Structure formats: C-alpha cells, structure tokens
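What follows is a set of notes on a single structure, which appears directly below.
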Amino acid sequence: MLSAIVRRALQTLVVVLVMSALVFAGLYVIGDPVSMLASPEATDAERAAISRSLGLDLPLWQQYGLFLYKAAHLDFGRSFLTGESAMHLILERMPATLELATLAMLLSVVVGVPLGIYAGLKPASPVSRGIMTGSLLGFSLPNFWVGLMFIMLFAVMLGWLPAGGRGPVEQFGPIALSAFSWEGLRNLILPACTIATAKCALIIRVTRAATRECLPQDYIKFARAKGLRERRVLGVHLLKNIMIPIVTIGGLEYGQVFAFAVVTETIFSWPGMGKLLIDSIITLDRPVVVAYLMLTVVFLATLNLLVDIAYTVLDPRVRLEAA
Amino acid sequence: MANEKPRSLTTGRPDNAAQAQAQAQAQAQAPGLGPVEQAGALPAHDSLWRVFVSQYLSSKLAVFGLVVLVIFVALAVLAPWIAPQNPYDIATLDIMDSKMEPGSTNMDGSLTYWLGTDGQARDILSAILYGLRISMFVGLASVTAAFLIGAAAGLISAYFGGRIEAVIMRIVDIQLSFPSILVALVLLSILGKGVDKVIYALIAVQWAYFARAARGAAIVERNREYVEAARCMALSWRRILWRHIFPNCVPPLMVIATIDLAHAIALEATLSFLGVGVPVTQPSLGMLIANGFEFLLSGSYWITFFPGLALAIVVIAINLVGDHLRDILNPRNEV
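Chains as they are written, first to last, in the working numbering: chain R, 1 to 323; chain A, 1 to 335.
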C-alpha cells in the first residue's frame with residue numbers, strides 16, 4: 001500500500017517535471033521580453049544588459065536548470081510590469097479564487113446530488129426528464145455565456161446584484177475574504193452560480209448514473225426487505241455507495257474550477273488568479289504566466305494523486321498496486 | 001476493472017469527469033448485444049442505414065436539433081448572399097446608425113436592422129451570419145483533424161500494444177488531466193492570434209479524446225475473427241487498421257465527434273471572448289459577444305445578446321443530436 005503510494009507520487013513528480021519542461025520551452029518561444037522592457041530608443045548595449053540581468057544570455061539548458069532551481073524555491077522572478085515578485089502577485093490573488101471555487105463547488109454539490117438522486121430514482125418522470133435536459137444545457141452552454149446572461153438578467157435588468165468586482169473584503173491575517181460580509185457575498189453570488197451551473201450539471205449526471213447502478217444491488221433490496229424507512233435506505237445505504245464517484249468527480253472538478261475561473265473571473269472582473277493569468281498573457285508578462293502555470297500543474301497533479309489515494313480509502317476494493 | 005484506468009472514453013465528457021464515469025459505467029455494462037451489433041447482424045448495407053435512420057427519427061428532440069443545425073449551417077454557408085449588409089465593408093457603414101435598437105431602420109429607410117446595430121453601426125444580423133461562418137469553420141476543421149489524428153493514434157496503440165501504446169496513452173492521460181481551456185490558452189499564448197492558430201490549439205486539445213475512444217473500440221475489434229482472417233492473408237498492418245478495424249470503430253467516434261464539435265465551437269468562442277482567439281478582422285461569434293460586452297452594462301443588450309443566442313442555439317442543437325447519437329450508436333451508454 002505505502003510503496004504503491006510512493007510509486008504513484010513518483011509518477012506525479014515525473015508529470016510535473018515534464019510539464020515544467022514544456023512550460024519552459026513553450027514560453028521561451030513567446031515574444032521577446034527584452035523588447036518589452038527596453039525603450040524603443042535603447043542601444044544594443046542597453047538591450048544586452050537587460051538580457052543579461054534576466055539571464056537570457058545563458059545557454060538554454062542552463063536557463064532551464066536555473067528555472068527549476070528557482071521554481072523549487074518558489075522564485076519565478078519579478079513581474080515585467082509591476083516589478084513585484086510573480087509568486088507574491090499570485091499568492092495575493094489566490095484567496096479570491098479559492099473562495100470562488102469553494103463556494104461554486106459547494107453550491108453544485110448541494111444542488112446537484114439531490115437532483116441527481118431524484119432523477120436516478122424516477123428516471124421516467126417528467127421532472128427527471130426536465131432535470132436531465134437542464135443538465136444537458138448547463139453542460140453544453142459555454143460558461144462565459146451563462147455568466148453574460150446572469151449579468152444581463154440580475155445586474156442590468158433587475159439590478160439585484162452587482163455586475164462585477166469583489167466588493168468589500170475582510171482581512172483574516174494575510175487572507176482577504178469577501179464571503180463573510182453581506183456586500184461581499186452579493187458580489188460573490190453571480191460568479192459562483194456561473195461556475196456552479198456547469199459543475200452542477202456534471203454532478204447531476206454522475207449522481208444519477210451512480211444511483212441507477214446502485215439501486216438494483218442486493219444490499220438496497222435487503223435494507224428495504226428489513227423494513228428500513230426509505231429515508232434511511234437512501235440517506236445511508238444508497239448515499240454511502242454513490243459517494244465514491246461523486247467524491248472523485250467533485251475532487252477533480254474542484255481543481256478544474258481553478259482553470260474555469262479564468263473565464264468567469266474575466267467576465268465578472270473578479271480579482272483572482274485566473275484574471276491575472278489572462279491579463280499577463282495579453283501583456284506578455286512572462287514570469288507571472290510561468291509562475292501561474294507551474295502552480296496549476298503542481299496543484300492539479302497533486303489533486304489527481306490525492307483523489308487516487310482517497311479512492312482506495314473510500315473503496316477497499318480498489319488497490320493502487322495494479323495501477 | 002476498478003483498479004486500472006478506464007479503457008475507453010466513450011462519452012464525450014470533458015477531461016477527468018469521464019474517467020470516473022466510464023469506470024462507473026464499465027461495471028454496469030448491459031449484458032447482451034447493443035443496438036449496433038444487432039443492426040450489424042442484418043444482411044444488406046442498405047438496411048443497416050435504414051435501421052439507423054429510423055432509430056434516429058424516434059426522438060423528436062433529436063430531429064428538432066438536427067433541423068435547427070441544418071438551418072444554421074445553411075445560414076453560415078449562404079451568409080455572403082443572404083446577409084442584408086457586408087459588415088466588414090466599411091463603405092456601407094454609416095456611423096450615424098451605431099447602437100440602433102433592434103427593428104430600427106437606417107436614415108433613408110432602405111435597410112432595417114432587425115437585430116440592431118453595434119458600436120460601429122454594423123448590422124448585428126449580418127455580423128452574426130458572418131460570425132457563424134467562422135465559428136462553424138473553426139469547429140469543423142479542428143474536429144475533423146482531431147478525429148483523424150486521434151483515431152490514428154488510438155488504432156495504432158491498440159493494434160501494436162506494448163511500449164507504443166504505453167507512451168501514447170500516457171500522453172493522453174496527462175493531457176486529459178488538465179482542463180482543455182487551460183491547454184488551449186497556453187498554446188495560444190505561444191502561437192499568437194489567428195484563425196489557423198485557434199484551429200491548431202483546438203486540434204491539440206481534442207485529439208486525446210478521439211485517441212482514447214478509438215483505442216477502446218479497437219481493442220475490442222482487434223481480437224475478432226475478421227482481423228485474424230485479414231492477418232492470415234498477410235495484409236499489411238496499414239490495410240488491416242484502415243480498411244478492416246477503423247470502419248468498425250467509427251460509430252463511437254462519430255458520437256464523440258458530434259459532441260466535440262459543440263465543445264470546439266464553445267471553446268473557440270470562449271478563447272475569442274478572452275481575447276486570445278481569432279483576430280479582430282475575422283470576428284467569430286465569441287468575438288462579437290466580447291465586442292458587445294462593454295455595451296451590455298449601459299443597457300444596449302442586443303449587441304451581445306443576439307450573437308450569444310446564436311451561439312447557444314448552435315451548441316444546444318449539436319448537443320441534442322450528439323446525445324441521441326450516443327444513445328443509438330453506443331452500446332455501452334447509460335440507460
């Protein structure tokens with residue numbers, strides 16, 4: 001068991017290394033940072049100085065080695081635009097994205113699981129068909145479109161909720177959160193619902209499939225035969241068993257929301273990591289893009305690893321050895 | 001089964017979601033023959049097609065989706081002939097007509113802007129028709145290429161197995177564990193803007209789905225008698241793969257292709273909306289939506305709303321078709 005986890009962790013490390021090489025190689029090709037930094041009238045000597053100060057005059061493999069060394073120390077250089085440490089810029093934005101992703105995932109699980117169970121219990125009822133068609137829509141409509149419709153409806157036409165921005169935040173040490181004040185929460189609702197629309201659709205489908213698979217099993221029949229109340233059969237015997245796919249999907253999707261947040265954050269001007277990424281891509285702010293990508297790679301790879309491990313804990317039939 | 005990566009990704013679901021789902025489905029595989037195999041038992045080729053058509057017609061929703069889709073494809077193809085205005089011919093634009101409400105007419109009453117005009121006095125309806133053309137072209141081109149590349153990779157890895165398979169499938173696994181939007185964003189930030197570049201990025205994002213599905217289907221086919229027979233005839237592996245195995249893997253791949261088409265169009269719109277997709281000179285639907293976004297908050301909803309509506313209709317229609325195709329063509333579907 002332990003050796004399997006270690007082996008799986010090593011695989012994850014390899015993935016991270018390969019991705020870091022790809023990110024490095026890819027961004028090496030992107031634009032020339034010297035021409036971004038130097039003024040148009042700069043002489044060749046000035047350009048060379050800038051190039052040297054960024055370490056761009058070294059051979060490629062040395063640049064990569066240095067990059068890895070610094071990355072391990074969480075040093076991705078300074079933003080070309082603000083001069084601040086790239087890592088610091090991202091960490092500063094992280095609470096906003098985390099907050100958004102967490103609320104969105106909570107919403108989609110709280111709404112999606114009951115709807116999915118219902119659709120699984122009564123697959124033929126018109127309500128279930130409605131739920132499934134709705135989930136098809138939530139699934140297929142582009143996320144930014146959903147966000148736009150929310151803004152149009154709730155912010156512009158009805159004027160109930162703000163169209164963007166983060167509103168007031170409360171400081172908890174270095175972490176600024178807006179979910180704990182009414183005003184902040186109002187700002188959070190629309191972007192969170194936008195993300196939740198897509199994720200909820202997915203959770204509904206997974207829950208429904210798992211429910212339909214679970215229902216004909218003997219332990220459910222037995223629980224019913226024992227005369228247990230329906231609430232207990234569903235709430236304990238069914239729920240425990242459909243949790244496996246839901247936790248897997250939920251965990252993986254939570255990671256994906258970080259990337260999806262790119263789109264949602266841009267629409268709602270939510271000052272999170274995703275918006276920072278887009279802004280940095282457009283302004284060719286290489287250090288910030290690299291730092292973001294490396295963080296995302298490590299994060300998603302770790303998440304995959306954790307989900308795999310959680311799987312074995314939740315379902316004793318699964319063993320990592322054979323993987 | 002539960003302890004290995006799912007062998008085939010037969011649903012068109014994005015990324016990891018499908019993994020666990022496929023796992024759940026694999027356990028619930030219905031015994032007996034799926035509709036395709038039953039149909040395959042019929043003698044003539046003609047009747048196979050007829051079975052397919054009659055099965056397709058059984059869902060009104062899917063037929064509706066197909067009709068809508070055909071109409072929109074026709075609109076996209078015919079755009080230059082039916083659009084009331086060429087929105088990119090500056091000479092026909094009159095800046096006085098900018099931001100007109102839907103249904104208003106221009107100064108001399110010769111032109112009615114049924115869906116209003118944008119900030120540069122372009123007729124929204126015409127812009128949508130032209131935008132539809134670009135969006136659909138990008139979607140079709142990228143899905144076709146991803147289909148071919150992915151199918152080739154999947155078939156080769158299923159047929160040869162061993163190290164080739166391990167390498168290809170490892171790449172697929174890694175790629176699918178990252179969100180497609182992120183992969184596309186990074187690629188485009190390297191490649192730069194342009195219709196061709198968006199297509200490359202979309203191909204790179206999508207081929208993995210096809211590779212996985214093709215491998216799953218081909219692994220089943222590989223052990224059938226007809227493949228053995230073909231091998232006994234000493235046919236080349238290219239011929240066996242392409243002429244014998246590939247045709248039998250097409251149905252599940254078609255399902256993915258349909259759903260992926262919707263995915264590609266939506267993804268292109270997203271990328272263009274974010275400003276890393278198509279250039280301003282070739283505005284797709286996503287670009288039109290982005291252009292109108294700034295006017296949305298001031299109440300000129302139509303500049304964003306109608307292109308968005310067109311995009312939503314196209315994506316939903318394709319999904320209705322794809323969802324039903326999955327029911328018919330994929331024996332391993334959820335009940």
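Backbone N, C-alpha and C fix where the C-beta goes; we use that ideal spot for every residue, glycine too. Bear in mind that the values here come from a model prediction, so they are computed numbers and not experimental data.
- Within the DSSP secondary-structure output, aspartate 123 of chain A pairs in a beta bridge with A:Thr117.
- Annotation: threonine 302 of chain R has no Cβ neighbours in chain A at a cutoff of 8 Å; minimum Cβ distance is about 11 Å.
- When 8 Å is used as the limit between beta carbons, glycine 275 of chain A is near these residues of chain R: Ile278, Ile282, in chain order.
- For threonine 207 of chain R and tryptophan 61 of chain R, the gap between their C-alpha atoms comes out near 48 Å.
- Excluding the 5 residues flanking it on each side, alanine 119 of chain R has same chain C-beta neighbours closer than 7 Å at Ser128, Ile131, Met132, Ile204, Arg208, in chain order.
- Within the same chain, Pro271, Gly272, Met273, Leu276 come within 7 Å of arginine 93 of chain R by CB-CB distance, once the 5 residues on both sides are set aside.
- Among the residues of chain R, those whose CB is under 9 Å from the CB of phenylalanine 305 of chain A are Leu148, Met149, Met152, following chain order.
- According to the DSSP secondary-structure assignment, arginine 231 of chain R is paired through a beta bridge with no residue.
- When secondary structure is reduced to three states using DSSP, serine 85 of chain R falls in the strand class.
- Taking every protein chain shown into account, the CB of threonine 117 of chain A has 16 or more other CB atoms within 10 angstroms, so this residue is buried.
- If the five residues before and after isoleucine 189 of chain R are omitted, its C-beta is found closer than 7 Å to the C-beta atoms of Leu161, all from its own chain and listed in chain order.
- Taking 7 Å as the Cβ-Cβ cut-off, the region 56-72 of chain R has no residue approaching chain A.
- Residue contact check for threonine 102 of chain R against chain A: no CB pair falls below 8 Å.
- Below the 9 Å Cβ cutoff, chain R contributes Ala259, Val262, Leu277, Ile278, Ile281 as neighbours of leucine 185 of chain A, in chain order.
- The count of Cβ pairs closer than 8 Å, one atom from the region 230-248 of chain A and one from the region 292-303 of chain A, stays below three, leaving the stretches out of contact.
- Segment contact: the region 248-256 of chain A against the region 269-288 of chain A, fewer than three CB-CB distances shorter than 8 Å; contact not assigned.
- By the Cβ rule, the region 273-281 of chain A counts as touching the region 183-194 of chain A, because three or more pairs are nearer than 8 Å.
- Looking at the DSSP output, arginine 78 of chain R sits in a beta bridge with R:Ser85.
- Counting C-beta pairs with one atom in each stretch, the region 204-217 of chain A and the region 280-294 of chain A have fewer than three that are closer than 8 Å, which means they do not touch.
- Across the set R:Val247, R:Met294, R:Gln217, the C-alpha of R:Gln217 shows the shortest separation from the C-alpha of valine 233 of chain R.
- Look at alanine 176 of chain R: its C-beta is not under 8 Å from any C-beta on chain A.
- Take the alpha-carbon of valine 280 of chain A and the one of threonine 12 of chain R: they are about 40 Å apart.
- Here alanine 176 of chain R carries a strand assignment [DSSP, helix/strand/coil].
- Glutamine 171 of chain R is bridged by DSSP to R:Ala176.
- For the options A:Arg326, A:Ala312, A:Asp327, A:Phe306, the alpha carbon positioned closest to that of valine 68 of chain A is the one of A:Ala312.
- Ranking R:Leu303, R:Arg7, R:Ser3, R:Arg52 by CA distance to the CA of phenylalanine 178 of chain A puts R:Leu303 first.
- Residue range 162-176 is occupied by the alpha helix (DSSP H) that includes glutamine 175 of chain A.
- For leucine 17 of chain R, the number of other beta carbons within 10 angstroms of its own is below 16, and it is reported as exposed.
- Assignment of phenylalanine 139 of chain R by DSSP, reduced to helix, strand and coil, places it in the helix class.
- 8 Å or more divides the Cβ of threonine 264 of chain R from the Cβ of glycine 112 of chain R.
- Rounded to the nearest angstrom, the Cβ distance from leucine 238 of chain R to isoleucine 220 of chain R is 6 Å, consistent with a contact under 8 Å.
- Residue contact check for proline 279 of chain A against chain R: no CB pair falls below 8 Å.
- Per DSSP, reduced to three states, the secondary structure at aspartate 285 of chain R is coil, with no helix or strand assignment.
- Membership of glycine 184 of chain R in the alpha helix (DSSP H) is indicated by the continuous run 182-214.
- The region 160-171 of chain A and the region 315-325 of chain A do not touch, with fewer than 3 CB-CB distances between them shorter than 8 Å.
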